[in-house]
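**Student:** Residue numbers (our numbering), protein chains in the order written: chain A, 88 to 301; chain B, 88 to 301. We treat Cβ as the ideally placed atom computed from N, Cα and C, and that holds for glycine. The structure under discussion is supplied below as structure tokens; questions concerning it will follow.
2 protein chains.
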Amino acid sequence: MLQAGADIDRSETLTERQQAVLDAALRLLVEEGDNLTMTAVARRASCSKETLYKWFGDRDGLLTATVQWQASKVRVAAVDRDRLDLVSLTASLERFASDWLKVISSDTSIALNRVAVGHAGSGKDDLGAVVLQNGRFALARRLKPVLEAGRQAGLLDFEDAETAFRTFFGLVGRDVQIRLLLGDRVELTEATIGGDARRATQQFLALFGATNRP
Amino acid sequence: MLQAGADIDRSETLTERQQAVLDAALRLLVEEGDNLTMTAVARRASCSKETLYKWFGDRDGLLTATVQWQASKVRVAAVDRDRLDLVSLTASLERFASDWLKVISSDTSIALNRVAVGHAGSGKDDLGAVVLQNGRFALARRLKPVLEAGRQAGLLDFEDAETAFRTFFGLVGRDVQIRLLLGDRVELTEATIGGDARRATQQFLALFGATNRP
DNA sequence: ACCGAACCGTAACGTACGGTACGCCTCTGC
DNA sequence: GCAGAGGCGTACCGTACGTTACGGTTCGGT
């Protein structure tokens, strides 16, 4: 974990206009990647560059604000842990897998991860930390309770929730994210995502299902 | 797959001096990331910028040449498929997993993947394709024969070698690569790598071992 | 009606860097 | 010994872009 508090909700402190500007910046980031220019953002958002600098400090500030803004938009509801049987657990896992695949294959996620990876080398900002917090670690925070509940209910068997989660993460994501980030055209239709989610869930249950480990 | 022939061995056409220059560029790429400058490369390599441009065309040419040069250095020997029993298969898989984890956690691999991901957005060059070819796809090419041999020997049971490979890939890599690329400090000692390789191999065998599927 | 703040549009500045030109050195072949 | 090629070092050019400055406009408060 890089930096605590990287996922604070900034949507309170942002006015409507500022959110609109960040939306424009986000759209431009998806189109242009890291070589978006301040002038382009200003033009797209119909605001002046001076305003951009007054609001966000400098280019890096604008970028991190944009990433955090997008992150604050995808807050997802947790799952209820009541009445947990094998079918509901399976459904939850499949849901997580499917949602996750949809996220990482979306244009905005790819664009955001690209710029964050690009910036991770030169430690000017902490885009990487922000993306990690709202990506991989947020998923873990939301999935671990489900895993723990599954263990409590005697459906799952694992020592450490962290390693179990990481295995699930690997089974779901496999090579998809790195291939997408590197520009490979991975065909991810609704159907294939559903199939992959089911397959990953079944594999995970085969590895960590309580019945399979006496 | 992006572009065929992206992994041709250019080490033949490169003179000693050029290789030294590319090594310098590679070292600088690891240190500076994508914001290395042509002047810096020239200074580090003790050569003139004019030479850089004569040899490699432009900045993108230098970058792709550097990536291909590094790729050509990590050509690994394949495994012999004779006398294949469960222990030798297990050893092979563990070896692949361990090697792969060592590669993706190395400084140079992280740096190379970072610039390739960064460039993948704006389609100026095909760094992403090169990295994919010599990374994920090269691994598949080397591992698939082993998997096929395992199936032939009745040790493994799978429909498609590709999906089997991708599962193995996911079990080994999990969240390691994306976390490293995003700047997370993942502790990967020799010991943990060995443990992860063993765990991934056992999980893979649990999923695709012929004995477990009647 | 007036004032000031916020903001837009645009022009201007400074710099960093990709790319090129040129003078000088070194080394190899004749 | 010499000519020419290859290469080093450096100065130079053009441009793109981050950042700043400024005049004009809208708008809420008094």
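Of all the CB atoms in chain B, is at least one closer than 8 Å to the CB of R266 of chain A?
**Tutor:** As a first step, residue 266 of chain A is located in the first sequence; it is residue number 179 there, counting from the start. Closer than 8 Å to some Cβ of chain B, the Cβ of R266 of chain A qualifies, so yes.
**Student:** Fully enclosed by the region 139–221 of chain A, which alpha helix (DSSP H) runs are 4 residues long or longer?
**Tutor:** The region 139–221 of chain A contains these whole alpha helix (DSSP H) runs: 146–160, 173–191, 194–207 and 214–219.
**Student:** Take V218 of chain A as the anchor and find which of B:D271, B:L139 and B:D283 has the nearest alpha-carbon.
**Tutor:** Here residue 218 of chain A refers to the residue found at position 131 of the first sequence. For V218 of chain A, the nearest C-alpha among the options comes from B:D271.
**Student:** Against chain A, does Q290 of chain B count as a neighbour if the rule is that its beta carbon must be under 8 Å from one of theirs?
**Tutor:** As a position in the second sequence, residue 290 of chain B is number 203, starting the count at 1. So, interface residue.
**Student:** Does the beta carbon of T254 of chain B come closer than 8 Å to any beta carbon on chain A?
**Tutor:** Within the second sequence, the letter at position 167 stands for residue 254 of chain B. True, the Cβ-Cβ gap to chain A drops below 8 Å.
**Student:** Could you check whether L101 of chain B and T153 of chain B sit closer than 8 Å to each other, using their CB atoms as the reference points?
**Tutor:** In the second sequence, residue 153 of chain B corresponds to position 66, counting from 1. In the second sequence, residue 101 of chain B corresponds to position 14, counting from 1. Contact flag unset, no.
**Student:** In chain order, what residues of the same chain lie with their CB nearer than 7 Å to the CB of K189 of chain B, ignoring the 5 residues before and after it?
**Tutor:** On the second sequence, residue 189 of chain B is found 102 positions in, with the first residue counted as 1. Around K189 of chain B: I280.
**Student:** Considering only residues of the same chain and omitting the five flanking positions on each side of A127 of chain A, which have a CB-CB separation below 8 Å?
**Tutor:** As a position in the first sequence, residue 127 of chain A is number 40, starting the count at 1. Once the five neighbours on either side are set aside, the close Cβ partners of A127 of chain A are L115 and E119.
**Student:** Classify G120 of chain A as helix, strand or coil using the three-state DSSP reduction.
**Tutor:** Start at 1 with the first residue of the first sequence, and residue 120 of chain A comes out as number 33. Residue state, collapsed to three classes: helix.
**Student:** Which residues in the same chain have their Cβ closer than 7 Å to the Cβ of A111 of chain A, if we skip the five residues on either side of it in sequence?
**Tutor:** The residue given as residue 111 of chain A occupies position 24 in the first sequence. Around A111 of chain A: V128, R131 and A132.
**Student:** How long is the line joining the alpha carbons of G260 of chain B and C134 of chain A, rounded to whole angstroms?
**Tutor:** Start at 1 with the first residue of the second sequence, and residue 260 of chain B comes out as number 173. Start at 1 with the first residue of the first sequence, and residue 134 of chain A comes out as number 47. Each residue's alpha carbon lies about 44 Å from the other.
**Student:** With 16 as the cutoff for other CB atoms within 10 Å, does R201 of chain A come out buried or exposed?
**Tutor:** Here residue 201 of chain A refers to the residue found at position 114 of the first sequence. It is buried - the Cβ of R201 of chain A has at least 16 other Cβ atoms within 10 Å.
**Student:** Kindly indicate which three-state DSSP category L243 of chain A falls into: helix, strand or coil?
**Tutor:** Residue numbering aside, residue 243 of chain A sits at position 156 when the first sequence is read from its first letter. Looking at L243 of chain A - three-state DSSP - the assignment turns out to be strand.
**Student:** Out of curiosity, what's the CA-to-CA distance linking A227 of chain A and L267 of chain B?
**Tutor:** The residue labelled residue 227 of chain A in the question sits at position 140 within the first sequence. The residue labelled residue 267 of chain B in the question sits at position 180 within the second sequence. The straight-line gap from Cα to Cα measures roughly 17 Å.
**Student:** Taking contact to mean at least 3 C-beta pairs separated by less than 8 Å, is the region 283–299 of chain B in contact with the region 182–196 of chain B?
**Tutor:** They touch, by the three-pair rule.
**Student:** From F245 of chain B to S179 of chain B, what distance separates their C-alpha atoms?
**Tutor:** Within the second sequence, numbered from 1, the residue matching residue 245 of chain B stands at position 158. Within the second sequence, numbered from 1, the residue matching residue 179 of chain B stands at position 92. So the alpha carbons of these two residues sit roughly 18 Å apart.
**Student:** Roughly how far, in whole angstroms, is the beta-carbon of F295 of chain B from the beta-carbon of L243 of chain B, given that I think they are within contact range, below 8 Å?
**Tutor:** What you label residue 295 of chain B is simply residue 208 of the second sequence in a count that begins at 1. What you label residue 243 of chain B is simply residue 156 of the second sequence in a count that begins at 1. So it is a contact: roughly 5 Å between Cβ atoms.
**Student:** So which of B:L139, B:L123, B:D121 and B:D172 has the shortest CA-CA distance to A107 of chain B?
**Tutor:** If you number the second sequence from 1, residue 107 of chain B lands on position 20. Residue B:L139 is the option with its Cα nearest to A107 of chain B.
**Student:** Which whole runs of the alpha helix (DSSP H) in the region 253–292 of chain A are 4 residues long or more, in chain order?
**Tutor:** The region 253–292 of chain A contains these whole alpha helix (DSSP H) runs: 263–268.
**Student:** By how many angstroms is the C-alpha of L149 of chain A removed from the C-alpha of S159 of chain A?
**Tutor:** The count along the first sequence starts at 1 and reaches residue 159 of chain A at position 72. The count along the first sequence starts at 1 and reaches residue 149 of chain A at position 62. Near 15 Å, if we compare the C-alpha coordinates of L149 of chain A and S159 of chain A.
**Student:** Enumerate in chain order the residues of its own chain whose CB-to-CB distance from V174 of chain A is below 8 Å, with the five nearest sequence positions on each side excluded.
**Tutor:** In the first sequence, the residue the question calls residue 174 of chain A occupies position 87. Nothing listed; no residue qualifies.
**Student:** Closer than 9 Å by beta-carbon distance: list the chain B residues that pair up with G154 of chain A, in chain order.
**Tutor:** Within the first sequence, numbered from 1, the residue matching residue 154 of chain A stands at position 67. A small fix is needed here, since residue 154 of chain A is Val in this sequence, not Gly. Those within 9 Å of V154 of chain A in chain B number zero; the least Cβ separation is about 12 Å.
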